[in-house]
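A quick write-up on the structure given underneath.
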Amino acid sequence: MSYDVLIAGGGNAALCAAICAARGGARVLVAEAAPKAMRGGNTRHTRNCRVAHDEGNGILTGPYPVDEYLDDLMRVTKGNTDTELAELTLQRSKEIWDFLEAQGVRFQPSLGGTLSLGRTNAFFLGGGRSMLNALYRMAEDLGVAIRYDTRVAAIEVEDGFFLGATLEAEWDGDHPRSERIEARAFVAASGGFEANLDWLEEGWGPAARNFLIRGTPYNTGGVLRLMLDAGADRVGEADQCHAVAVDGRAPKFDGGIVTRLDCVPFGIVVNAQGQRFYDEGEDFWPKRYAIWGRLVAAQPDQIGHVIIDAKSADLFMPSVFPPEIDDDLDGLAGKIGVAPDTLRKTVDDFNAACRPGTFDHTIHDDCRTEGLDPPKSHWARPIETPPFRAYTLRPGITFTYMGVRVNRDARVLFDGTASPNVFAAGEIMAGNVLGQGYLAGIGMTIGTVFGRIAGETAARAISNREPAS
Amino acid sequence: MTRVDLPSLATASQSEVARQMQVCNACRYCEGLCAVFPAMERRRVFTEGDVDYLANLCHNCGACHYDCQYAPPHPFAVNVPQAMAELREESYARFAWPQALGPVFARNGVWIALVSALAVAGFILGFALLADPGALTASGDFYAVMPHDAMVAVFAPVFLFSLLALALSLRRFWRTADDAHPVPVTLAALWQAMREAAALRYFDGGGMGCMSQSERPDRHRRTFHHLTFYGFLLCFASTSSGTLMHYLLDWPAPYPWWAPPKLLGVPGGLGLVIGAAGLIWYDWRRDPALLPERRTGMGAAFTWTLLALGATGLALYWLRETPAMGVLLAVHLGVVFAFFVTMPYGKFVHGLYRFAALVRHAHEGRAHDVQEAEAPTEGRVRT
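So the sequences go chain by chain: B and Y. Counting in our numbering, the first sequence runs without a single skipped number right up to 472 at its last residue. Counting in our numbering, the second sequence runs without a single skipped number right up to 549 at its last residue.
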């Protein structure tokens, strides 16, 4: 079979590319490795998209100018970004709201209990899967061919020029069916490699085996590997990813948003040896949650335990799994497998170091420890009111940053030269913009902006036809 | 954390809803879709009264199922519309008065079909035995076939008993919900609930439309529901106006086309027929994932009954002066009789409980718009 544009992947970036290529007059085939019920990669688990805008619009509560967005990006990446692509992304993020709305995506005010994102992030009504459904409906209506359960098993690229690919249908079953597909352009929008534990181990060492993967199990980096093997330039490091501390009882894959735990600032966090290892009250949780994945990853067995008492039990977003509960600390220590004496000493030392203050979790309050290492700078209250509760933490990886290098046309670079017909969008090239750190909702921004660019440019590249307006 | 109050959750359907609400309360992506999720967010503990209330607040628009990242085959297996539908149907039986008739809900389709057939047969037999044979085929005068007093004597007790049963069932629902969170009945909440029920505000997937057949939203089901509901109200108004004219104005039927019973009844009957037929047609292709696993036939029994009500009523209007009148009248009265008898023991009750749930929701929204505590954050997100 022959198509104009072959797109690997089925998430936001892939669908934005498919829609724009189809609008540009191209015959488009989308190869989604997941079955239909699980389609969409990590987009399934998203809920919003960070967009620049000069004024609020009734749902977005105020302006978020490109300059401020850029400052935020520079701060979290510590400058580890391609400035040209970053500016392009943020500038064009201003178009995202209207673009997505035109595809049938609906928005809503920021969700209850969400981080302070009401001004900066556009929340999808019904979440990421609802948003995906709208994109799929639009793609289907535009005549895009979509194959589920179908992965790109091989690509033929000659000196950066794409010739064709081998698709494997029902690759997950006993009888995969291979088919060679010719296409005039290829868009790699197949996500990162966070579900590939072997690959993660290359970056993280054996600790990676204990990571939980918050997103889709289908992001195994197959196409990324094919692209790198074909000579695409690499961007980013294998250990760079968005990792948060999640509930240790979450499933290995696909746990998504419900596995988050917002209780860290209300208690103390100890490792398997019952020792504290970082300032739990350093700053507001929205500004700190993204570092706790790495902090826990550095602990023995990649495990941490949040200890809180009855005072704090209902102060944070409800968790999906109930905590371990016990009326005394020794009992609790037994339940989480920490030596009771050590835990008791850690809690006693912490309690003794807490200075009197007025607890207020909405400000940097004056409840802090003195003479304790590491300190707890805010929201430090003695842990003394039973029943005590423990939540177990594990590093949870949301997405990886290492990918292929692109230019502002979303063309993949091979030895520094832009390919005539190979494009990339989404997580597979997010590392161009997000070299390290994290900014909530920017993954969807990168995917939408570069998905559109890839689709539009691919459609233009394969034909002299004028795109339909 | 969210807690499930296990001791209070008497049934498997309640436990399943509580389990799913634990997942949903940690996710909240569906918050903008309907009333159920904001109501859920006001709770950290889910007791019997809470889950029964939430189940009856759910309008079964289906959107949250297709939008859910935890829907099967995900191991969390969240399917809120189905879990709510199962609990809702089960709760109807628990609230039923007298309790002995609760089991009627379990095989509702069979019972309602049986009662309807018996009622129709009873009227045909009664007419054949008691009515004047000449009046049966020709007169066009209903009361010549069955005197008005006889009609009142047959229908009034049944209707009044059903009203009593409905009222007592509704009280049982309200008290169960009150056990979890007591809520007074306020005018403001009633008014808000009336507007929301009249517009089917939460039968709309949050503005995108219902997703009953697939992830492609549409508004057919809501349109057909509107036609059915308002058709039914017009028919009820037609009957009521006839009663008033009979007793207050001393103006017995038959009425000319421009009299209120006809002006209200004909469009009402048309609405019922088109709406109910539309619902039957539409539900034919509903995604089985959204339906309760235990098939009680409750929905179909109700829509077919409404269709029969409207169709026989209209047929009587058009064919009154023909020889078919007698049989048609027997069939129509049989259907109406069966409808009255089964009103408290079939899908009819969904309107009552859902309205009551809307009243509770309206009050909760007004009374204490308490925000969940969040992790330390700068200021508040929402107003």
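For each residue, glycine too, the CB sits at the ideal point set by N, CA and C. It should be emphasised that the depicted structure is a prediction, and the values quoted were computed from it without experimental measurement.
For residue i and residue j, I'd like the C-alpha separation in whole angstroms.
i              : j              : result
L400 (chain Y) : R337 (chain Y) : 27 Å
H381 (chain B) : T365 (chain B) : 11 Å
A539 (chain Y) : D363 (chain B) : Caution is warranted here: a pLDDT of 43 is assigned to A539 (chain Y), below 50, making its placement in the model unreliable, and the coordinate value is therefore given only provisionally. Cα-Cα distance, rounded: 11 Å.
H273 (chain B) : D368 (chain B) : Going by the sequence as given, residue 273 (chain B) is Val instead of His. If you take the alpha carbons of V273 (chain B) and D368 (chain B), they lie about 22 Å apart.
G434 (chain Y) : S404 (chain Y) : 8 Å
L302 (chain Y) : V311 (chain Y) : 6 Å
G479 (chain Y) : R42 (chain B)  : 50 Å
G300 (chain Y) : E214 (chain Y) : 59 Å
V552 (chain Y) : D216 (chain Y) : The question about residue 552 (chain Y) has no answer, for chain Y in this structure spans 167 to 549.
I465 (chain B) : V211 (chain Y) : 58 Å
D286 (chain B) : I294 (chain B) : 11 Å
Q537 (chain Y) : G121 (chain B) : The predicted model places Q537 (chain Y) with a pLDDT of 47, which falls under 50 and marks its position as unreliable; any figure quoted below should be read in that light. Straight-line Cα distance between these residues: approximately 15 Å.
Q556 (chain Y) : P458 (chain Y) : In this structure chain Y extends from 167 to 549, so residue 556 (chain Y) is not present and cannot be described.
Q305 (chain B) : V299 (chain B) : 5 Å
A29 (chain B)  : D7 (chain B)   : 6 Å
G284 (chain B) : K348 (chain B) : 20 Å
E87 (chain B)  : Q186 (chain Y) : 46 Å
E240 (chain B) : K81 (chain B)  : 15 Å
D333 (chain B) : V267 (chain B) : 20 Å
S380 (chain Y) : D144 (chain B) : 15 Å
D152 (chain B) : G258 (chain B) : 21 Å
D236 (chain B) : A168 (chain B) : 19 Å
A541 (chain Y) : G218 (chain B) : With a pLDDT of only 43 at A541 (chain Y), under the threshold of 50, the placement of this residue in the model should not be trusted, and no figure is reported.
Considering Cα atoms alone, identify which of the options is closest to residue i.
i              : options                        : result
G444 (chain B) : B:I456, B:T401, B:D368         : B:T401
L303 (chain B) : B:L396, B:Y404, B:A20          : Just to set this straight, residue 303 (chain B) is Pro in the shown sequence, not Leu. Among B:L396, B:Y404, B:A20, the Cα nearest to that of P303 (chain B) belongs to B:L396.
H347 (chain Y) : Y:F293, Y:R209, Y:L284, Y:P510 : Y:R209
D282 (chain B) : B:N213, B:D376, B:T46, B:A24   : B:D376
H56 (chain B)  : B:E387, B:T448, B:L215         : B:T448
A455 (chain Y) : Y:V349, Y:F398, Y:S378         : Y:S378
L284 (chain Y) : Y:Y511, Y:I446, Y:A425, Y:V507 : Y:V507
L518 (chain Y) : Y:A184, Y:R387, Y:L332         : Y:L332
P3 (chain B)   : B:E459, B:V108, B:N435, B:Q278 : The structure shown has nothing for residue 3 (chain B), since chain B only spans 4 to 472.
N410 (chain B) : B:L103, B:F426, B:F214         : B:F426
P241 (chain Y) : B:F256, B:P325, B:A142, B:D331 : B:F256
P398 (chain B) : B:V247, B:R408, B:I311         : B:V247
Q235 (chain Y) : B:A142, B:N136, B:G195, B:H308 : B:N136
I149 (chain B) : B:N354, B:G340, B:G419, B:L9   : B:L9
G275 (chain Y) : Y:V493, Y:H529, Y:G292, Y:R461 : Y:R461
A466 (chain Y) : Y:F514, Y:A496, Y:P489         : Y:F514
P418 (chain Y) : Y:W424, Y:G408, Y:P426         : Y:G408
R260 (chain Y) : Y:L353, Y:A528, Y:T177         : Y:T177
C357 (chain B) : B:F214, B:P343, B:A383         : B:A383
R367 (chain Y) : Y:Q188, Y:A184, Y:Y195, Y:H527 : Y:H527
G224 (chain B) : B:M432, B:A316, B:D85          : B:M432
P321 (chain B) : B:T372, B:D265, B:G61          : B:D265
C52 (chain B)  : B:N83, B:E104, B:P38           : B:E104
H308 (chain B) : B:G296, B:K314, B:D317, B:L318 : B:G296
Would you please state the rounded distance, in angstroms, between the beta carbons of residue i and residue j? I believe it to be under 8 Å.
i              : j              : result
L472 (chain Y) : L430 (chain Y) : Wrong, their Cβ atoms sit about 16 Å apart, outside the cutoff.
G441 (chain Y) : F390 (chain Y) : 5 Å
G434 (chain B) : V238 (chain B) : 5 Å
N424 (chain B) : R187 (chain B) : 6 Å
Does any CB atom of chain D fall closer than 8 Å to the CB of residue i?
i             : result
A40 (chain B) : Judged by its chain identifiers, the structure shown contains no chain D, and its protein chains are B and Y.
Identify every run of the alpha helix (DSSP H) within the region 238-309 of chain Y, keeping only runs that are complete inside it and at least 4 residues long; order them along the chain.
246-261, 274-296, 299-304
In the region 361-435 of chain B, which residue ranges form an unbroken alpha helix (DSSP H) of at least 4 residues, counting only runs that do not cross its ends?
none
Counting only Cβ-Cβ distances shorter than 9 Å, please list the residues of the region 216-246 of chain Y near chain B, keeping chain order.
A229, C230, Y232, D233, C234, Q235, Y236, A237, P238, P239, H240, P241, F242
Give, in chain order, every unbroken run of the alpha helix (DSSP H) that is at least 4 residues long and sits entirely within the region 141-220 of chain B.
200-207
Which parts of the region 352-383 of chain Y are runs of the alpha helix (DSSP H), unbroken and 4 residues or longer, counting only runs that do not cross its ends?
353-365
I'd like the ranges of any alpha helix (DSSP H) spanning at least 4 consecutive residues and lying wholly in the region 453-492 of chain Y.
Whole alpha helix (DSSP H) segments, 4+ residues: 464-484.
Please name the residues in the region 186-208 of chain Y whose beta-carbon is closer than 7 Å to at least one beta-carbon of chain B, in chain order.
Q188, V189, N191, A192, C193, R194, Y195, C196, E197, G198, L199, E207
Contact set between the region 367-387 of chain Y and chain B, restricted to residues whose Cβ is under 7 Å from the partner:
Of all residues in the region 367-387 of chain Y, G372, G373, M374, E381, R382 have a Cβ within less than 7 Å of some Cβ in chain B.
Of all the residues that make up the region 312-325 of chain B, which are near chain Y by a beta-carbon distance shorter than 9 Å?
A316, D317, L318, F319, M320, P321, S322, V323, F324, P325
Runs of alpha helix (DSSP H) lying entirely within the region 54-133 of chain B, each at least 4 residues, in chain order
69-80, 86-95, 99-105
Return the residues of the region 469-491 of chain Y that lie within a Cβ-Cβ distance of less than 8 Å from chain B, sorted by chain order.
none
Can you list, in chain order, the residues of the region 255-280 of chain B whose Cβ is nearer than 7 Å to any Cβ on chain Y?
Per Cβ criterion, the list reads D257, G259, I260, V261, D265, P268.
May I have a chain-ordered list of the alpha helix (DSSP H) segments no shorter than 4 residues that lie completely inside the region 502-534 of chain Y?
515-533
So if I threshold CB-CB distances at 8 Å, which residues from the region 252-265 of chain Y count as touching chain B?
Under the 8 Å Cβ criterion, the region 252-265 of chain Y contributes no residue.
Interface residues of the region 448-462 of chain Y facing chain B [CB-CB below 8 Å]:
So the list is empty, because no residue satisfies the distance condition.
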